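Student: Residue numbers (my numbering): 255 to 829. Quick reminder that beta carbons are idealized off the backbone N, C-alpha and C, glycines included. Note that the structure is predicted; figures quoted are calculated from it, not measured. Encoded as C-alpha cells, here's the structure I'll be asking about.
So, in C-alpha cells, the structure goes:
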C-alpha cells in the first residue's frame, strides 16, 4: 500500500495524550471491538459445526475452518489494494465493518445457506477492514516519527484486549446459553466498533465508556464459578475500564481527524464506491461456494476434484518391507492432493503459485544487494507461513482437544460406596464421560445433545443410577466446568502480560549489541511452536484412564506458542 508521507493531512499537528494523537484511541477501540467479534466467532466456529445443527464430523469442520481461515488471510491483499488505489482507507473500513456485522448476524440463523453466506461476508469484510485501519494508525504520525512504533504497540494492545475478552464472553455465553447468543454478542461487538469509528467525537466518548462498562460488568457476572476464571475476568475487566477512561480523556481533547483515511489527491473515493460494492456482491457468492466446498449444491457433501480412491491408495500402508522414505513422501503427496482437490484449496494453491512466481520475477529485476535481501525475505516468509499454519490450529484441532481431552472441571466430589444402588440427580459434566449411563456409555455427543435440548437452563439435572463402576466418579456443578472455548483467551492474555517484557528484552539486548539476528528470532519462534505441541503430546501421554489431560499442559503449550509468536511476529511485520 502507499506509504504515508509526512505531508499527510492526518499527520499534521493536533491534540495528543501521552505524546500520541488522540485519534489513536478511537482506532484502539474500533479495532478492539472488531477483534472481539472476530475471535468470539472463531472460538465457537468448529464447535458450532460439530455440535450444532450442521452435525459435521471433524474432517468436514476442519475443511471449512481451513478454507475460511486461508481466505481471511488472502482478502486483505485485495482490500488494501482497493483502498490504496480507489476508495481510501476510511471508506474501506466502513464497508468492511458493515459486511462483517452482517456476517455475524447471519451466524445467529440456523440455516446452511445463511451459515456459508455469513462466512463469505466475514471474509470480504475482513479484507476491507483489517489492513486499512492499521494504515490509518500510521497516517496519524508524521513520516519518521519516533512515536509511531509505540503507537502501534498501543494499537496491538487493543487487538489483544479484544481477543482476550471475546472467548470469555462470546465463548462462554455461546457454549453455556446457546450458539445464537454468542454470535449475537459478536454482532453487537462489530457494530460497536463500527459506531466508534464513524460517530462524532462526543458520541464516541459515551459509546466507548458505556460499552467498556457493560462488557466489564458482563465479565464479572457471566463466568464459570472458578477462582482462576474470576481473577482473569476481573483483570480483563479492569484493563478494559482503564483503557476506556484513558480514551475518554483523550477524546475530550479531540477525536479522529476528519482527514484520516480519506482518499489521496487523484483517488476516486466515494465516486467508485458503487463499482466496488458491485464487485463485492459478485465476490460474495463465489466465496460462499469456495468456503462451503460447493456442499450447498451437493446435498451437504463437499466437492473434491481428485477421487478419494487415489488419495486412499497413497495413504495405504505399504507393509513392513516398504521404504520408509517413499512411504513418507507418499503421505505428504496424499495430504497435498487432498487439500488441492478442494475448490478453496485449488484456488489458494494457484493464487500462491502465481504470487510466488510474480515475486521471483520481480526479484530477478532488482539490483544485486536488493535481490539478495529479497531472497532472505522470501525464505523467512515461507517459515512465517509454516508458523501461522500450525498456530491457527488453536481454533480447530487444539480447540477440539481442549473440549474432548482436557480436564476442565476444577471442583468436584467423588461418588462413594454408600451411594451404590441408589439413583441420584446430577448435573451432567465431562466428569461422567466414559462411564455407563444405564446400558450405554456416556459420551461427549450425548452430553452435547442434552445441553442443546435444555438450552439456557444451565443447572438442569438428570437421573443417574449408581453402580459399583461409578465409585470414585466425580460429580460437579455445571458452573465448575470451564467451557472449552474460553481457553482461546490464554494466548492473548499471555501476549498482554509478556509483550512488554519481550519488547524490553530486545531493547536491552540491542543496547549491549546482543540482540539476536532476524533468522535467529524466527528459529526461536518455530522452536517454541514445536515445544508447545510437545507439551500437548506430553500431556496426552500423562492422561488418566479416561484419556483426560490436566489443563496445565494446555496452558503450558499456549505459553510456549505465545513466546514463539512474540519472537517471530514483530520481526515478520517489520520486514
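CB-CB under 7 Å to residue 685, same chain, minus the five flanking residues each way: which ones, in chain order?
Tutor: 663, 666, 727, 728, 729 and 730, listed in sequence order.
Student: Return the CA-CA distance between residue 410 and residue 383, expressed in angstroms with no decimal places.
Tutor: The alpha-carbon atoms of residue 410 and residue 383 are separated by roughly 15 Å.
Student: Just to confirm my understanding: we take residue 778, look at its own chain, exclude 5 residues before and 5 after, and list those with CB closer than 6 Å. What are they?
Tutor: Counting only Cβ-Cβ distances below 6 Å, and skipping sequence neighbours, we find 821.
Student: Return the bridge partner residues of residue 661 from the DSSP annotation.
Tutor: Residue 661 is bridged to 804.
Student: Using the beta-carbon count (16 or more within 10 Å), is residue 606 buried or exposed?
Tutor: Exposed: under 16 other Cβ atoms inside 10 Å.
Student: Taking buried to mean at least 16 other C-beta atoms within 10 Å of its own C-beta, is residue 422 buried or exposed?
Tutor: Buried, by the Cβ-count rule.
Student: In chain order, what residues of the same chain lie with their CB nearer than 7 Å to the CB of residue 378, ignoring the 5 residues before and after it?
Tutor: Closer than 7 Å at Cβ, skipping near neighbours: 329, 353, 534, 537, 538 and 541.
Student: Over what stretch of residues does the alpha helix (DSSP H) that includes residue 459 continue unbroken?
Tutor: That run of the alpha helix (DSSP H) goes 455-475.
Student: Report the residue from 321, 295, 298 and 492 whose alpha carbon sits nearest the alpha carbon of residue 593.
Tutor: Nearest option by C-alpha distance: 321.
Student: Starting from residue 605, follow the alpha helix (DSSP H) in both directions and report where the run begins and ends.
Tutor: Its alpha helix (DSSP H) spans residues 597-618.
Student: Thinking residue 272 and residue 429 are a contact (beta carbons under 8 Å), I'd like their distance in whole angstroms, please.
Tutor: 39 Å between Cβ atoms; not a contact.
Student: Using a 10 Å radius around the Cβ and a threshold of 16 neighbouring Cβ atoms, would you call residue 361 buried or exposed?
Tutor: Buried, by the Cβ-count rule.
Student: Smallest Cα separation from residue 356: which of 462, 646, 450 and 295?
Tutor: The option with the nearest alpha carbon to residue 356 is 295.
Student: Could you check what DSSP says for residue 362 in three-state terms: helix, strand or coil?
Tutor: Looking at residue 362 - three-state DSSP - the assignment turns out to be coil, as it is neither helix nor strand.
Student: Which residues in the same chain as residue 640 place their Cβ atom closer than 8 Å to its Cβ, once the five residues preceding and following it in sequence are excluded?
Tutor: Only 780 meet the Cβ criterion.
Student: Since residue 831 contacts residue 811 with CB under 8 Å, what's their CB separation in whole angstroms?
Tutor: Since the first and last residues shown for the chain are 255 and 829, residue 831 lies out of range.
Student: Measure the C-alpha to C-alpha separation of residue 676 and residue 697 and round it to an integer number of angstroms.
Tutor: Distance between the alpha carbons of residue 676 and residue 697: 22 Å.
Student: Establish whether the CB of residue 767 and some CB of chain D are separated by less than 8 Å.
Tutor: Going by chain labels, chain D is absent from the structure shown, which holds only one protein chain.
Student: With burial defined as no fewer than 16 other Cβ atoms inside 10 Å of the residue's Cβ, what is the status of residue 619: buried or exposed?
Tutor: Per the 10 Å Cβ criterion, exposed.
Student: Could you check how far apart the C-beta atoms of residue 648 and residue 742 are, in whole angstroms? I think they sit under 8 Å.
Tutor: Right, the Cβ-Cβ distance comes to about 7 Å (below 8 Å), so this counts as a contact.
Student: Please go through the same chain and pick out, in chain order, the residues whose beta-carbon is closer than 6 Å to the beta-carbon of residue 260, but skip the five residues on each side of it.
Tutor: Confidence at residue 260 is low in this model, with a pLDDT of 36, below 50, so its placement is unreliable and the value that follows should be read with caution. Closer than 6 Å at Cβ, skipping near neighbours: 396 and 397.
Student: If we ignore side chains and look at the alpha-carbon of each, how far apart do residue 336 and residue 327 end up?
Tutor: Answer to the nearest angstrom: the Cα atoms are 16 Å apart.
Student: Mind checking whether residue 651 and residue 316 have CB atoms under 8 Å apart?
Tutor: Going by C-beta atoms, residue 651 is nearer than 8 Å to residue 316.
Student: Residues in the same chain with beta-carbon distance under 6 Å from residue 446, minus the five sequence neighbours each way, listed in chain order, please.
Tutor: Correct list, in chain order: 287 and 465.
Student: Output yes or no for whether 8 Å exceeds the beta carbon distance between residue 334 and residue 386.
Tutor: In contact: residue 334 and residue 386 (Cβ atoms closer than 8 Å).
Student: Hey, how far is the Cα of residue 610 from the Cα of residue 785?
Tutor: Cα-Cα distance, rounded: 30 Å.
Student: In whole angstroms, what separates the C-alpha of residue 255 from that of residue 645?
Tutor: Residue placement at residue 255 is poorly supported in this model, since its pLDDT is 40, which falls under 50; the coordinates still yield a value, given next. Approximately 26 Å, taken between the alpha carbons.
Student: Give the straight-line distance between the Cα atoms of residue 419 and residue 306, rounded to the nearest whole angstrom.
Tutor: Each residue's Cα considered, the two are about 23 Å apart.
Student: Assuming residue 281 contacts residue 510 under a Cβ cut-off of 8 Å, what Cβ separation, rounded to an integer in Å, is found between them?
Tutor: Their Cβ separation, rounded to whole angstroms, is 7 Å, which keeps residue 281 and residue 510 in contact under 8 Å.
Student: Which residue or residues does DSSP assign as beta-bridge partners of residue 667?
Tutor: For residue 667, which the question treats as bridged, DSSP gives the partners 729.
Student: Report the rounded CA-to-CA distance for residue 263 versus residue 735, giving the unit in angstroms.
Tutor: With a pLDDT of 49 at residue 263, under the threshold of 50, the modelled position of that residue is not reliable, and no figure is offered here.
Student: Measure the alpha-carbon distance for residue 436 versus residue 358 and round it to whole angstroms.
Tutor: If I take the Cα positions, the gap works out to 10 Å.
Student: Using the three-state DSSP reduction, which class does residue 819 fall into: helix, strand or coil?
Tutor: Here residue 819 sits in helix by DSSP.
Student: Using 10 angstroms around the beta-carbon of residue 274, count the other beta-carbons present and answer buried if the total reaches 16, otherwise exposed.
Tutor: Per the 10 Å Cβ criterion, buried.
Student: Going by beta carbon distance, what residues of the same chain come within less than 6 Å of residue 599, once the five residues before and after it are set aside?
Tutor: Closer than 6 Å at the Cβ level, and outside the excluded window around residue 599, lie 593.
Student: With a threshold of 6 Å on Cβ separation, who are the neighbours of residue 284 within its own chain once the five nearest residues in sequence on each side are excluded?
Tutor: Here the set comprises 447, 450 and 451.
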